[in-house]
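All residue numbers for the sequence shown refer to the working numbering, where the first residue is 290 and numbers rise by one. Have a look at the structure below before the remarks.
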Amino acid sequence: MDPKDQRVKLNDGHFIPVLGFGTYAPPEVPKSEALEVTKFAIEVGFRHIDSAHLYQNEEQVGQAIRSKIADGTVKRKDVFYTSKLWSTSLHPELVRPALEKSLNNLQLDYVDLYIIHFPVALKPGEGLFPKDENGKPIFDSVDLCRTWEALEKCKDAGLTKSIGVSNFNHKQLEKILNKPGLKYKPVCNQVECHPYLNQSKLLEFCKSHDIVLVAYGALGSQRIKGWVNPNLPFLLEDPVLSAIAKKHKQTPAVVALRYQIQRGVVVLAKSYNKKRIKENIQVFDFELTPEDMKAIDGLNSSIRYNELLLGVGHPEYPFFEEY
Ligand SMILES: NC(=O)c1ccc[n+]([C@@H]2O[C@H](COP(=O)([O-])OP(=O)(O)OC[C@H]3O[C@@H](n4cnc5c(N)ncnc54)[C@H](OP(=O)(O)O)[C@@H]3O)[C@@H](O)[C@H]2O)c1
């Protein structure tokens, strides 16, 4: 097997590549770039692609995957594709239509992983971010256990190979795990995770339940205006990361990715730059020492770039819990 194609087994028997390509770009970036960079990522060896209905690029990402299948670079079974159920579709009866909409945009028969994007329900049917006359998000009330049952049905129908969650705290995960009549456990919890927010407690919890933690924002996030506090420090400028990178003749970015893989975390890396997309694959070319790992662990400082503040005030807002 190609060393770039390292995978871990999910609790439902499927396998997920440990390095994934993040496809989100802010709205000012032309959607055509998603097509180009996703094709390039597959060409250089990425076999795990992460997107979502919310990113409004599934048409282009699907086109990229299909074109790399058509030209013989990969087979469908060798690409792991993740989509996400947005907050306006958490009502059980809206789940399957939402996944079918993604599949239609992608022009694929199935996704490999379908996850609940964010546990905060928003009012269905009024765009992605429904707001009242004062500009406040319009919340909705949905029992996440019922949403989960609808995801289980999508797996049974073959529309997705695996199902999981994102941005859940351990209590919300526990609620699903303890649900009477649970058919499938979540295979993963995709959360922000990097040396400044290393999620060690959530990781331990997930490992004890055979749930894979998937890290987003692993390079310090895109610091998108209006979403991320601009005063927070830049992860990739951290002196400890830089010194370790120098020692290994790597970059701080690749060290930040390697850190996750060595602690058993599946890691996403977003880049729309060909040089950096290629650079990120170097994560498989070296190893951090136990001392390096310990030094990076020491950087943990509870800095969350993506606070998703639009959910504050909703009973399921996940980030007031310690983990
Ligand atoms: N579930 C969720 O709620 C959620 C939330 C956020 C993100 N995600 C997913 O996770 C993916 C990754 O997270 P993210 O978007 O926050 O970004 P990220 O992976 O933390 O990357 C942040 C920035 O790092 C830069 N970068 C990439 N490689 C680099 C390198 N080798 N050296 C220096 N800089 C480098 C990229 O800029 P360039 O493009 O200029 O290279 C990118 O904008 C997203 O694309 C999305 O798929 C999920």
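Here a beta-carbon is modelled for each residue, glycine too, at the ideal position from N, C-alpha and C. As the structure is a computational prediction, the values presented were derived from the model and not from experiment.
(message) Any residue with its Cβ nearer than 5 Å to a heavy atom of ligand 1 should be included. What is that list in chain order?
(response) Gly311, Tyr313, Asp339, Ser455, Gln479, Tyr505, Gly506, Leu508, Ser510, Gln511, Ala542, Leu557, Ala558, Lys559, Ser560, Tyr561, Asn562, Arg565 and Glu568
(request) Indicate whether Glu481 and Gly515 have their beta-carbon atoms separated by less than 9 Å. (result) no
(message) Within the continuous alpha helix (DSSP H) that includes Arg435, where are the two ends?
(response) Leu433 to Asp445
(request) Taking Glu611 as the reference, give the member of Asp574, Leu486 and Lys390 with the closest Cα. (result) Leu486
(request) Say whether the stretch 343 to 353 touches the stretch 588 to 608, bearing in mind that this needs 3 or more beta-carbon pairs closer than 8 Å, one atom from each stretch. (result) no
(request) Whole angstroms is fine: what's the gap from Leu433's alpha carbon to Val503's? (result) 20 Å
(message) Pop quiz: Val400 and Phe428 are said to be a contact at Cβ under 8 Å. What is the actual Cβ separation, rounded to whole angstroms?
(response) With 8 Å as the limit, Val400 and Phe428 do not qualify as a contact, their Cβ atoms being about 27 Å apart.
(message) Which of the three DSSP states is assigned to Thr377 in this structure?
(response) helix
(request) Spatial neighbours of Leu563 within its chain, please: CB distance less than 8 Å, with the 5 preceding and 5 following residues excluded, ordered by chain position. (result) Going by the sequence as given, residue 563 is Lys instead of Leu. Same-chain partners within the cutoff: Val326 and Phe329.
(request) Sort Lys444, Val501, Asp581 and Ile358 by Cα distance to Val384 and report the nearest one. (result) Lys444
(message) According to DSSP, simplified to helix, strand and coil, what is His537?
(response) coil
(request) Give every residue of the same chain whose Cβ lies closer than 7 Å to the Cβ of Arg512, excluding the five residues on either side of it in the sequence, and list them in chain order. (result) Pro519 and Tyr594
(request) Give the DSSP bridge partners of Arg296, in chain order. (result) Pro306
(request) Using the Cα positions of Lys472 and Glu347, report the straight-line distance between them to the nearest angstrom. (result) 29 Å
(message) Starting from Val363, trace the alpha helix (DSSP H) in both directions and tell me its first and last residue.
(response) That residue, Val363, is in no alpha helix (DSSP H); it is neither H nor E in DSSP.
(message) Can you look up Tyr344 in the DSSP assignment and give me helix, strand or coil?
(response) helix
(message) Do Leu546 and Val572 count as a contact pair if the criterion is CB distance below 9 Å?
(response) yes
(message) Using only CA atoms, which one of Leu521, Lys390, Ser356 and Pro484 lies nearest to Ile331?
(response) Ser356
(request) Please state whether DSSP places Ala410 in a helix, a strand or coil. (result) coil
(message) With three or more C-beta pairs closer than 8 Å as the rule, is the stretch 579 to 589 touching the stretch 553 to 567?
(response) no
(message) So for His459, helix, strand or coil by DSSP?
(response) helix
(message) To the nearest angstrom, how far is the alpha carbon of Lys412 from that of Pro419?
(response) 6 Å
(message) For a test of the three-state rule: what should DSSP assign to Ile452, helix, strand or coil?
(response) strand
(message) Whole angstroms are fine: how far does the CA of Tyr606 sit from the CA of Ile358?
(response) 39 Å
(request) Look at the alpha carbon of Asn233 and the alpha carbon of Ile500, and state the distance between them as a whole number of angstroms. (result) Since the displayed the chain opens at 290 and closes at 612, residue 233 lies outside it and no answer follows.
(request) Rounded to whole angstroms, what's the CA-CA distance from Gly424 to Gly416? Just pull it up for me. (result) 14 Å
(message) Tell me the residue span of the alpha helix (DSSP H) that contains Cys495.
(response) Ser489 to Ser497
(request) Have a look at Val368, Lys496, Val554 and Glu526 and flag the residue whose alpha-carbon is nearest the alpha-carbon of Gly334. (result) Val368
(message) Please report the straight-line C-alpha distance between Asn458 and Glu422, rounded to a whole angstrom.
(response) 31 Å
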